[in-house]
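Numbering (the UniProt record's numbering), first residue to last: 1 to 281. All C-beta atoms in this analysis are idealised placements derived from N, C-alpha and C, irrespective of residue type, glycine included. This structure is a prediction, so every number in the text was calculated from the model and none was measured. Okay, structure first, notes after.
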């Protein structure tokens with residue numbers, strides 16, 4: 001059964017850099033976004049290295065063996081007997097390409113498959129997709145102000161409400177936890193790779209927070225993650241619905257504390273790449 005959920009936001013895209021609302025527009029990572037995804041992938045692969053051992057224990061034919069004339073063969077029983085063999089990790093990504101790229105930056109290091117699921121897609125921003133905040137304000141300053149104040153004016157332009165994206169995200173998480181493919185007795189970590197608004201809204205819903213108060217959590221930075229513990233019992237009795245404890249939020253790899261995370265290292269930035277600047281409402 002799934003007892004841990006990790007949610008990882010995709011790396012930077014050209015739309016992120018320009019502060020354009022992506023929503024469900026399919027935009028790939030830019031060069032800095034790929035670097036971010038790789039750095040988080042390395043950090044998470046190190047942390048969850050047990051998942052590689054688990055995969056090899058379940059597929060012993062994939063364990064590397066030396067030539068037949070070697071003094072010894074690799075001891076397969078070490079993998080089967082390792083505690084890691086008794087856990088499982090599954091990686092599920094939004095079907096938008098930027099999320100898939102980020103998912104593979106982690107999963108490929110451990111030899112894990114990536115399953116795509118459209119339920120993890122970003123919040124739809126309707127007619128506002130592809131626009132900057134300045135462009136939105138020029139079209140309808142009143143709706144822009146309502147969006148900023150969390151009073152729902154953006155929905156007039158077909159933007160998915162905060163409440164709906166939170167409910168959609170939480171329902172997807174609960175459905176995946178209940179999926180028979182993962183509902184056996186094997187303790188399982190589920191890695192969900194997706195989008196900032198979707199993650200924040202889904203976590204808020206799972207924790208029972210007000211959908212329009214979700215800024216209490218703060219926004220997710222590119223290629224950062226959160227982690228929830230999933231509890232299936234209350235005082236030793238089965239719970240009717242899984243319960244969630246938020247144990248990490250907006251966590252970045254250690255390199256983010258020493259490097260310019262949003263702009264990436266200098267040797268990746270060409271002469272025509274603008275610098276990233278914080279969003280100004």
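9 Å Cβ cutoff, residue i in contact with chain B
i           : result
residue 224 : Protein chain content of the structure displayed is limited to a single chain, and chain B is not contained in it.
Assigned secondary structure, residue i (DSSP; H/G/I helix, E/B strand, else coil)
i           : result
residue 34  : helix
residue 25  : coil
residue 124 : coil
residue 210 : coil
residue 250 : strand
residue 60  : helix
residue 131 : coil
residue 67  : coil
residue 88  : strand
residue 234 : strand
residue 94  : coil
residue 136 : helix
residue 289 : In the structure as shown, the chain begins at 1 and stops at 281. Residue 289 is therefore absent and cannot be evaluated.
residue 280 : coil
residue 81  : helix
residue 55  : helix
residue 240 : strand
residue 110 : helix
residue 267 : helix
residue 8   : strand
residue 74  : coil
Assigned exposure category for residue i - 16 Cβ within 10 Å defines buried
i           : result
residue 35  : buried
residue 61  : exposed
residue 100 : buried
residue 74  : exposed
residue 142 : exposed
residue 232 : exposed
residue 258 : exposed
residue 103 : buried
residue 47  : exposed
residue 93  : buried
residue 10  : buried
residue 305 : Not covered by the structure: residue 305. The range shown for the chain is 1 to 281.
residue 39  : buried
residue 181 : exposed
residue 30  : buried
residue 162 : buried
residue 5   : buried
residue 199 : buried
residue 172 : buried
residue 280 : exposed
Bridge partner(s) assigned by DSSP for residue i
i           : result
residue 245 : 229
residue 142 : Residue 142 pairs with nothing; no bridge assigned.
residue 115 : 92
residue 13  : 29
residue 2   : 188
residue 221 : None, per the DSSP bridge assignment.
residue 20  : 132
Contact belief for residue i with residue j at Cβ below 8 Å, rounded distance in angstroms
i           : j           : result
residue 204 : residue 166 : 5 Å
residue 206 : residue 176 : Their Cβ separation, rounded to whole angstroms, is 12 Å, which puts residue 206 and residue 176 out of contact at 8 Å.
residue 19  : residue 133 : 6 Å
residue 13  : residue 89  : That pair is no contact at about 26 Å.
residue 24  : residue 15  : Incorrect: roughly 12 Å between the Cβ atoms, too far for contact.
residue 194 : residue 120 : 4 Å
residue 87  : residue 187 : 5 Å
residue 224 : residue 252 : 5 Å
Distance cut-off 8 Å: residue i Cβ against heavy atoms of the ligand NAD
i           : result
residue 135 : Judged by which ligands are present, the structure shown has none, so any question about the ligand NAD falls away.
Report task. Starting from the N-terminal side, write out each stretch of the alpha helix (DSSP H) that is 4 residues or longer and does not extend beyond the stretch 149 to 213. Result -> 162 to 178 and 196 to 206
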